[in-house]
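Contents: one structure, followed by commentary.
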Amino acid sequence: MECHGTAGQGDGPAAHLLTPRPRDFTLGRYKIRSTETGSIPTDADLVRSVRKGLYGSAMPGWETLISDNDISDVVAFVKTLSPRFASETPKEIAAGPQPVSSPQSVRRGYGVYQTLQCGKCHGSDGRGTGATATTFEDDWRQPLRAADLTEPWTFHGGPGAQDLYMRFSGGMSGTPMPSFKDSASENAMWDLANYVVSLARKPLWRMNAREVADFYAREDAEARANPVKRGQYLVDTIGCALCHSPVDEHKRLIPGLKMAGGFRIHVEPFGDYPTGNLTSDKATGLGNWTDDEIKRVLTRGILKDGTRLLPYPMDWPSFSTLKADDLNAIVAYLRSLPPVSNKVPPPSRTFLPLFLWGKFKLLVLGSDPPMIFYPGNVGSAGAGRQPLEP
Amino acid sequence: MKTFLKWTAGIVLVLAVAGFLSFLYFIPPFLTAAPETFSGPMMTAPPGLSGIADPAERAIADRGRYIVMRNGCIGCHATNGSQGPDLTKYLAGGGLKFQTPKGTFVSRNLTPDNDTGLAKRTDDELKRVLRSGVFPDGHVVPYTVMPWADLSNWTEEDRHAVVVYLRHLPAVRHQIPDPDATPSITRPGAVEQAYGGKDYGVAPAVPVE
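Quick mapping for you: the protein sequence lines, in order, are chains A and B. Read in order, the letters of the first sequence are residues 1 to 390 in my numbering. Read in order, the letters of the second sequence are residues 1 to 209 in my numbering.
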């Protein structure tokens, strides 16, 4: 429910924080199928996705947590959410027996990879090198990355040649990843599957000391070469959007206001802390802040106008441990956010006697000081939509 | 003489009240002490890794240490001492209690203690919490309580590094109450009434102990 929403439309409250986004069950379009392009998946496909989870996404495997009977019930329920399951039958792909992988097959697969121009999206090396584009939108206009083919543990549908064969011939509905059924023979697709399997690099958890050092050196070099991408990774994983995006009373992102601030956090007894607009808007966002001013907030908790912040809710003491490169990357990423105008009021102190009374309760009576997150937008954008004046 | 005593007593009383009020005003010294008072310990508190013999594991744990530091796991998983968080019990949990309409959750002990910590959880179980918020007993922690929706964006390598680091924290015995699924806030509007808010209140976070 947190992810797929109460009506299964993929718009649960956590949805805007996840890449890839949760599936909208009402459309009946699934990525992981063993069926032909445009067809609905078989029950076995859905059961598999629920049991094993989708690697490389937040969808967990429920195998050891709920019984097989319950999983079938869940699948049956999910199917009722889309009318397509009642009116259509799945068209399964008839896959011949899986040929054994061999160096020859892998080499032929390399040829197929070139002919079908997989490199346009996945790069000549499977890692995006030389690709024309590696970030896409799916059919729901949500961001999506082309898979890194050297990291099979991130393939949603599983890492085996059999899994890959199904993805190649069926495509992945709703994503730019097409079906190649009509452009390649069955054998060519098996060769291709074997080739992709052969691309897999050694995962970190099997590397020796040298390889680990090389791996991290390469990761750091790539981060320095592409600070905006690195900054986005840091911002997405630290979760700046969790506080700096306003949400409605169902905790869903207010459309268009991602990272535009205006989400009010009340910290008893200190006062109200509406989160600032982090987009590059000149008048209301960070457009007019210098790099050092932004870094000062993150490392010392001091706003542009000199206001000091408490060490919570925003945990700037922890952010102060960010390495210089990573701080620069975050700033670079924030600068790249398209401007959204949303004027957010500054933090406000509690009325002095109430402030002292709150402190008294906190320190002498030992009561719990709550921190309350208020849905809604206290900023100027869309003002009047909700009566949210603090 | 009598009036003199009266006056002194009066002045002492006024001074005492004023002193107490200003004590209340400045404590805790969030806005008077230098920012470094709060950020400084964040660099040194996370236990080091000199005890790890295998160099590959040490390099991975070192990366995990950096991620745990910058992500601010300590913000919730700290253990409270008499003067704020007790940083010698790094990540032993209990520092924050969340009362939400979905139940009460207390930040857990992340040290590898046998009975009260993570020793009995497998790597895969931990990675699942860090990716999807799903616990071995099947409950799902709200992402506003334990921020797994953000942590799910970690690469598998980074998630692995964090788990490796957590495995090498010094074990601290600290029993944390299990989450309680009865909603702490049942009456709609109760939060607003209690704390004067006008809009919808969600997930007030409350320190315990």
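Cβ atoms here follow ideal geometry from the backbone N, Cα and C, with glycine treated the same way. Here the structure is a predicted model, which is why all the values come from computation and not from measurement.
Between Gly157 of chain A and the rest of its own chain, which residues show a CB-CB distance below 6 Å, the 5 nearest in sequence each way excluded?
Within the same chain, Gly157 of chain A has close Cβ partners Ile32, Asp163, Arg167.
With a CB to CB cut of under 7 Å and the five nearest residues on each side skipped, what residues in its chain are close to Ser49 of chain A?
Short of 7 Å from the beta carbon of Ser49 of chain A, and not among the five residues preceding or following it, lie these beta carbons of its own chain, in chain order: Ile32.
Between which residues of its own chain and Val164 of chain B is the CB-CB distance below 6 Å, once the five residues before and five after are set aside?
Beyond the five residues adjoining it in sequence on each side, Val164 of chain B comes within less than 6 Å, by CB distance, of Ile60, Ala61, Gly64 in the same chain, given in chain order.
Backbone secondary structure at Asp220 of chain A - three-state DSSP
The answer is helix: DSSP assigns Asp220 of chain A an H, G or I state.
Do you know how far the Cα of Ser380 of chain A is from the Cα of Leu242 of chain A?
Whole-angstrom Cα-Cα distance: 19 Å.
Expressed to the nearest angstrom, what Euclidean distance is found between the alpha-carbon atoms of Ser320 of chain A and Phe351 of chain A?
Those two C-alpha atoms are separated by around 31 Å.
Beta-carbon contacts of Val344 of chain A that lie in its chain and below 6 Å, excluding the five residues immediately before and after
Sequence-distant Cβ neighbours of Val344 of chain A in its own chain, meaning closer than 6 Å and more than five residues away, are Gly261, Gly262, Pro274, Gly276, Asn277, Gly379.
Option nearest Val47 of chain A by Cα separation, candidates A:Thr89, A:Thr26, A:Ala76, A:Ser318
The shortest Cα separation from Val47 of chain A among A:Thr89, A:Thr26, A:Ala76, A:Ser318 belongs to A:Ala76.
Just to confirm the assignment: which complete beta strand (DSSP E) runs, minimum length 3, are found wholly within the stretch 70-156 of chain B?
Fully enclosed beta strand (DSSP E) runs of 3 or longer: 97-100, 103-106.
Identify, in the order they occur along the chain, each residue of the same chain with its Cβ nearer than 8 Å to the Cβ of Pro170 of chain B, setting aside the five sequence neighbours on each side.
Taking C-beta separations shorter than 8 Å and ignoring five residues to either side along the sequence, the partners of Pro170 of chain B in its chain run Pro47, Tyr90, Thr111, following chain order.
Drop a sphere of 10 angstroms on the beta-carbon of Gly376 of chain A, count the other beta-carbons inside from all chains shown, and report buried for 16 or more, exposed for fewer.
It counts as buried.
Closest Cβ-Cβ distance between Trp153 of chain A and chain B: below 8 Å?
It does: the Cβ of Trp153 of chain A has a partner Cβ on chain B nearer than 8 Å.
Do Leu116 of chain A and Ala184 of chain A have their C-beta atoms within less than 8 Å of each other?
Yes, they are a contact pair.
Classification of Val106 of chain B by the beta-carbon crowding that lies within 10 angstroms, buried from 16 upward
Buried is the call here.
For Ser101 of chain A and Val197 of chain A, the rounded distance between their alpha carbons:
Those two C-alpha atoms are separated by around 9 Å.
Proximal residues of chain B, C-beta to C-beta of Arg308 of chain A below 8 Å
Correct list: Phe30, Leu31, Pro35.
Gly138 of chain B and Trp148 of chain B look like a contact to me (Cβ under 8 Å); what is the Cβ gap, rounded to whole Å?
About 15 Å; that fails the 8 Å criterion.
Since Pro317 of chain A meets chain B, which of its residues come closer than 7 Å, beta carbon to beta carbon?
By Cβ distance, chain B contributes Phe38, Ser39, Met42.
Determine, using beta carbons only, whether Leu126 of chain B comes closer than 8 Å to chain A.
It does not; no Cβ of chain A falls within 8 Å.
Would you say Pro188 of chain B faces chain A, with C-beta separation under 8 Å as the test?
At Pro188 of chain B, the pLDDT of 46 sits below 50, so the modelled position is not reliable; the number obtained from the coordinates is stated separately. Residue contact with chain A for Pro188 of chain B: absent (no Cβ-Cβ distance below 8 Å to any residue of chain A).
Please state the DSSP three-state secondary structure of Met371 of chain A.
In the three-state scheme derived from DSSP, where H, G and I count as helix and E and B as strand, Met371 of chain A is classed as strand.
For a test of the three-state rule: what should DSSP assign to Ile11 of chain B, helix, strand or coil?
Here Ile11 of chain B carries a helix assignment [DSSP, helix/strand/coil].
Using a Cβ-Cβ cutoff of less than 8 Å, which residues in the same chain neighbour Lys282 of chain A once the five nearest sequence positions on both sides are dropped?
The beta carbon of Lys282 of chain A sits closer than 8 Å to the beta carbons of Asn288, Pro339 from its chain, once the five residues preceding and following it are set aside; these are given in chain order.
Can you find the residues in the same chain that come closer than 7 Å, C-beta to C-beta, to Gly95 of chain B, ignoring five residues on each side of it along the sequence?
If you ignore the 5 residues before and after Gly95 of chain B, its C-beta comes within less than 7 Å of the C-beta of Cys76, His77, Ala78, Thr79, Asn80, Pro85, Ser107, Pro207, all in its own chain and listed in chain order.
Run through DSSP, which three-state label would Ser102 of chain A get?
In the structure shown, the three-state DSSP call for Ser102 of chain A is coil.
In whole angstroms, what is the alpha-carbon distance linking Ala92 of chain B and Ser318 of chain A?
Spanning the two alpha carbons is a distance of roughly 17 Å.
How would you list, in chain order, the residues of chain B whose beta-carbon sits under 9 Å from the beta-carbon of Ser67 of chain A?
Residues of chain B passing the Cβ test: none, with the nearest at roughly 11 Å.
For Glu268 of chain A, which of helix, strand or coil comes out of DSSP?
Reduced to three states, the DSSP call for Glu268 of chain A is coil.
Distance cutoff 8 Å, beta carbons only. Does Pro55 of chain B sit that close to anything in chain A?
Yes, because at least one Cβ of chain A sits closer than 8 Å to the Cβ of Pro55 of chain B.
Candidates B:Leu151, B:Asp150, B:Lys6, B:Asp180: closest to Thr100 of chain B by CA position:
Nearest Cα to Thr100 of chain B within the set B:Leu151, B:Asp150, B:Lys6, B:Asp180: B:Asp180.
Taking C-beta pairs closer than 7 Å, name the residues in chain A that Asp178 of chain B reaches, listed in chain order.
In chain order: nothing, as chain A lies at least about 17 Å away.
Quick one: grab the DSSP three-state call for Arg252 of chain A.
Under the three-state reduction of DSSP output, Arg252 of chain A falls in the coil class, being neither helix nor strand.
For the beta strand (DSSP E) holding Pro353 of chain A, just list the boundary residues, first then last.
Here Pro353 of chain A belongs to no beta strand (DSSP E); instead the alpha helix (DSSP H) covers 352-363.
Leaving out the 5 sequence neighbours to the left and right, which residues in its chain are closer than 6 Å to Ser105 of chain A when beta-carbon positions are compared?
If you ignore the 5 residues before and after Ser105 of chain A, its C-beta comes within less than 6 Å of the C-beta of Asp191, Asn194, all in its own chain and listed in chain order.
Exposed or buried, which one is Tyr25 of chain B when buried takes at least 16 other CB atoms within 10 Å?
With fewer than 16 other Cβ atoms within 10 Å, it is exposed.
Going along chain A in order, which residues have a C-beta closer than 7 Å to the C-beta of Trp154 of chain B?
The contacting residues are Thr237.
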